[in-house]
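> Before I ask anything, here is the structure I am working with.
Residue numbers (UniProt numbering): 1 to 424.
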């Protein structure tokens, strides 16, 4: 009898052990099944995510190729299966939808720059009568009325004469600009004798950073722009490769033949030209100089209907003569101590000889001076903080954005906004 009971106990223990093992096995299987299902869901989720990201990259590539927002992104839908919808504004937001997945990222477009026919971080000194046909800026809440911008300045603006805004009389600021437009009331200065009497079309912007505003690159990274492959550099001693030590290979100098060098570069097909040093451009019958005329002839022959961007860095820039220049002038001092003007060099300039810089402005603080109605149609940018840009003659300024768009689109980058999605 005891033997039969011991056998039953053994069978019972064995059965309980098998049940325990089976229970653990089923639990383990459920866990493995759950993990496998979870892994599959994660794989599917990532596939949807990367497909949506592929759609974003496709859309970004199309924008870069066009330098503008396409009318649709059907090509990206065909290639990636992702539907792209833009939130049009400043900045531009791209949404990518694939299945139930939606990711978005912000694009910085090169056109997102501040308005202003003249922008300046330099101190401005105007002597004479000045009339602007302005940058229209943004359309206001009132129909056919624009938030016009003639001058956007950061620091000192001194006026000895009159200044005004003639709106869009006989001037189209860019192609496609509608007719019958005008400036909204608070952005229209009809005429003023003092800067304090102007309206918002002469606007002090204490946060203005002209370099980054135009080129989309921080000011302290100016050398990256200077050595971009699209820029021609004068003089040739600057070389073609950005110095690894961050120091330019030559010192700033007075380039007496800068007009001829500009013409040479234009004839070689360059519409982005960077001059390192001092330069004077003059139309002067007394000395038979026709600098402005021959530069314009070269531009018209090489870039009909368009113009150039001319950067002058770390030196005096002097202009004499009345002329509508097909391009933009950007006068730039890299750091406050990069260049110190002197009466010795100013005394050699035709502009100063014929119409001396007003004595109220110290010559050792004057980096730019023009004598005569010189008008760069693509606008001025004066970017030498703490130094003066002096306009010594009356002028009628006419702004035309189209003149420099082709040139600027080569250098101003379309890029993702850092932090708007993942930055690796």
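All residues carry an ideal CB built from backbone N, CA and C; glycine is no exception.
What are the start and end residues of each continuous beta strand (DSSP E) run of 3 or more residues lying completely inside the stretch 162 to 209, in chain order?
Counting whole runs of 3 or more residues, the stretch 162 to 209 contains the beta strand (DSSP E) stretches 202 to 204.
> Could you have a look at residue 265 and say whether DSSP puts it in helix, strand or coil?
As a first step, residue 265 is located in the chain shown; it is residue number 265 there, counting from the start. If DSSP states are grouped into helix, strand and coil, residue 265 belongs with the helices.
> Once the 5 residues before and after residue 55 are set aside, which same chain residues still bring their CB inside 6 Å of it?
Along the chain shown, read from residue 1 onward, the residue named residue 55 stands at position 55. Only 76, 80, 82, 84 and 96 meet the Cβ criterion.
> Taking the DSSP output, what are the residues bridged to residue 253?
Numbered from its first residue, the chain shown carries residue 253 at position 253. In the DSSP output, where bridge partners are listed per residue, residue 253 has none listed.
> Please work out which residues of its chain come closer than 7 Å, Cβ to Cβ, to residue 184, disregarding the five sequence neighbours upstream and downstream, and give them in chain order.
In the chain shown, counting from the first residue as 1, residue 184 sits at position 184. Counting only Cβ-Cβ distances below 7 Å, and skipping sequence neighbours, we find 140, 142, 145, 146 and 147.
> Quick check on residue 424: does DSSP put it in helix, strand or coil?
As a working mapping, residue 424 is identified with position 424 in the chain shown. With a pLDDT of only 42 at residue 424, under the threshold of 50, the placement of this residue in the model should not be trusted, and no figure is reported.
> With 16 other CB atoms within 10 Å as the buried threshold, where does residue 46 fall?
Taking the chain shown and counting its residues from 1, the one referred to as residue 46 is at position 46. Residue 46 is exposed by the Cβ-count criterion.
> Taking the alpha-carbon of residue 244 as reference, which of 234, 264, 257 and 223 has the nearest alpha-carbon?
Locating residue 244 in the chain shown gives position 244, counting from the first residue. Per the Cα distances, 223.
> Quick one: measure Cβ to Cβ for residue 129 and residue 162, integer angstroms, because I've assumed they're closer than 8 Å.
Residue numbering aside, residue 129 sits at position 129 when the chain shown is read from its first letter. Residue numbering aside, residue 162 sits at position 162 when the chain shown is read from its first letter. With a Cβ gap of about 5 Å, residue 129 and residue 162 count as contacting.
> Among the candidates 340, 136, 103 and 109, whose CA atom is the shortest distance from the CA of residue 69?
Along the chain shown, read from residue 1 onward, the residue named residue 69 stands at position 69. Nearest of 340, 136, 103 and 109 to residue 69, Cα basis: 109.
> Which first and last residues belong to the beta strand (DSSP E) in which residue 327 is found?
The sequence position of residue 327 within the chain shown is 327, counting from 1. Element bounds for residue 327: 327 to 332.
> Roughly how many angstroms separate the alpha carbons of residue 287 and residue 350, rounded to a whole number?
In the chain shown, residue 287 corresponds to position 287, counting from 1. In the chain shown, residue 350 corresponds to position 350, counting from 1. Taking the straight line joining both Cα atoms gives about 9 Å.
> Helix, strand or coil for residue 60, going by three-state DSSP, please let me know.
Stepping through the chain shown from its first residue, residue 60 is reached at position 60. Here residue 60 sits in helix by DSSP.
> Do you know offhand how far residue 156's Cα is from residue 384's?
Along the chain shown, read from residue 1 onward, the residue named residue 156 stands at position 156. Along the chain shown, read from residue 1 onward, the residue named residue 384 stands at position 384. Whole-angstrom Cα-Cα distance: 12 Å.
> Per DSSP, which one or two residues make a beta bridge with residue 382?
Counting from one through the chain shown, the residue named residue 382 turns up at place 382. Residue 382 is bridged to 120 and 331.
> Could you tell me which whole beta strand (DSSP E) segments of length 3 or greater appear in the stretch 257 to 314?
Qualifying beta strand (DSSP E) stretches, in chain order: 272 to 276, 279 to 284 and 308 to 313.
> Using the DSSP secondary-structure output, state which residues sit across from residue 323 in a beta bridge.
Position 323 of the chain shown, counted from the start, is the residue given in the question as residue 323. Bridge partners of residue 323: 374.
> Hey, how far is the Cα of residue 423 from the Cα of residue 242?
By one-based count along the chain shown, residue 423 stands at place 423. By one-based count along the chain shown, residue 242 stands at place 242. Unreliable positioning characterises residue 423 in this predicted model, as indicated by a pLDDT of 45, which lies under 50. The coordinate reading is nonetheless provided below. Near 26 Å, if we compare the C-alpha coordinates of residue 242 and residue 423.
> Quick one: is residue 160 buried, meaning 16 or more other Cβ sit within 10 Å of its Cβ, or exposed?
Against the chain shown, residue 160 aligns to sequence position 160. It counts as exposed.
> For the pair the stretch 289 to 303 and the stretch 319 to 327, tell me if three or more CB-CB distances fall below 8 Å.
The stretch 289 to 303, when compared against the stretch 319 to 327, does touch it at the 8 Å Cβ threshold.
> Since residue 125 contacts residue 361 with CB under 8 Å, what's their CB separation in whole angstroms?
One-based indexing of the chain shown puts residue 125 at position 125. One-based indexing of the chain shown puts residue 361 at position 361. The pair is a contact, with the Cβ atoms about 5 Å apart (cut-off 8 Å).
> Return the chain-ordered list of same chain residues with a C-beta closer than 8 Å to the C-beta of residue 169, the five sequence neighbours on each side being excluded.
Position 169 of the chain shown holds residue 169. Cβ neighbours of residue 169 beyond the five flanking positions: 133.
> Quick one: Cα of residue 102 to Cα of residue 49, how far?
Here residue 102 is taken as the residue at index 102 of the chain shown, counted from 1. Here residue 49 is taken as the residue at index 49 of the chain shown, counted from 1. Cα to Cα, the separation comes out at about 8 Å.
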